[in-house]
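To start, the structure under review is shown below, and the notes come after it.
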Amino acid sequence: MPDLIINNEVFEAEVGETIMDVARRNGAHIGFTCSRRGICTFCECKVEEGAELLNPITGNEKSRLSAERLENGSRLSCRAVFKAKKGTVRVTSRSEEVKQQFIGIFKAPTIQDKNDNLGALLGSVKQASKDYITMYPYVIKGIASGKAGLDTVNPFKDLNNLVQDSKRVFLRQIGLNRSKHSK
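Going from the sequence shown to our numbering is simple: count from 1 and add 27.
Right, here's the structure in full:
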């Protein structure tokens, strides 16, 4: 069984599961809004180790992530599928990067470090906003071609799962929930 390290926490994964499947099951800090459709980019993560254990980059990822981001190891966790039975994949989620940038504003030892963290945070917010805005032409094209339904970007389509997953992430972040699937 492969291991998945998300934001320095180790979880067990199974062949055929996506990084998102493992993250949501365990309440790991990875963003999600499009219900695994591969269009919102909120679940973007940087694969730091073990990329060869995952499926090749998908068409959704190529259309939603820049060549530079792909070259730097970015994947959409809802599209990155485990294909190997053994090994370790290590990722850092965009959500975690933003969280660390925010915390860094307050914990950095110098004003310059605080400013650097603020600049990085503003850059991340700008990128996330751009990603979300540019999602709509992609969605409209999918709807027009019949490849996507009108509910494609409705995060409330599966409201119960959204609430339960958000609760698991929140409880894990404040230290009240450690999944039985984590190591």
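We put the CB at the ideal spot given by N, CA and C, even for glycine. This one's a predicted model, so the numbers in the text were calculated from it and none came from an experiment.
For residue 103, the enclosing beta strand (DSSP E) begins and ends at 101-103. Its Cα nearest to that of residue 43, the residue 80 stands out among 202, 192 and 80. Taking every protein chain shown into account, the CB of residue 28 has fewer than 16 other CB atoms within 10 angstroms, so this residue is exposed. Rounded to whole angstroms, residue 71 and residue 138 show a C-alpha spacing of 29 Å. Here DSSP, grouped into helix, strand and coil, assigns residue 69 to coil. Remark: C-beta atoms of residue 59 and residue 158 do not approach each other more closely than 9 Å. In the structure shown, the three-state DSSP call for residue 60 is coil. Separation of the CB atoms of residue 45 and residue 104 is rounded to 6 Å, and the pair is thereby assigned contact status at 8 Å. Checking the DSSP bridge columns, you'll see residue 195 has no partner listed. Residue 54 and residue 199 have their C-alpha atoms spaced approximately 6 Å apart. If you draw a straight line from the Cα of residue 136 to the Cα of residue 143, it comes to about 11 Å.
Residues 114, 115, 116 and 117 of the same chain have their beta carbon placed closer than 7 Å to that of residue 77, with the five preceding and five following residues left out of the count.
The Cβ atoms of residue 101 and residue 125 do not sit closer than 9 Å to each other.
Leaving aside the five residues that flank residue 51 on each side, the residues in its chain whose CB is nearer than 6 Å to its CB run, in chain order, 192. For residue 122, same chain residues with a beta-carbon under 7 Å away, outside a window of 5 residues either side, are 56, 57 and 58 in chain order.
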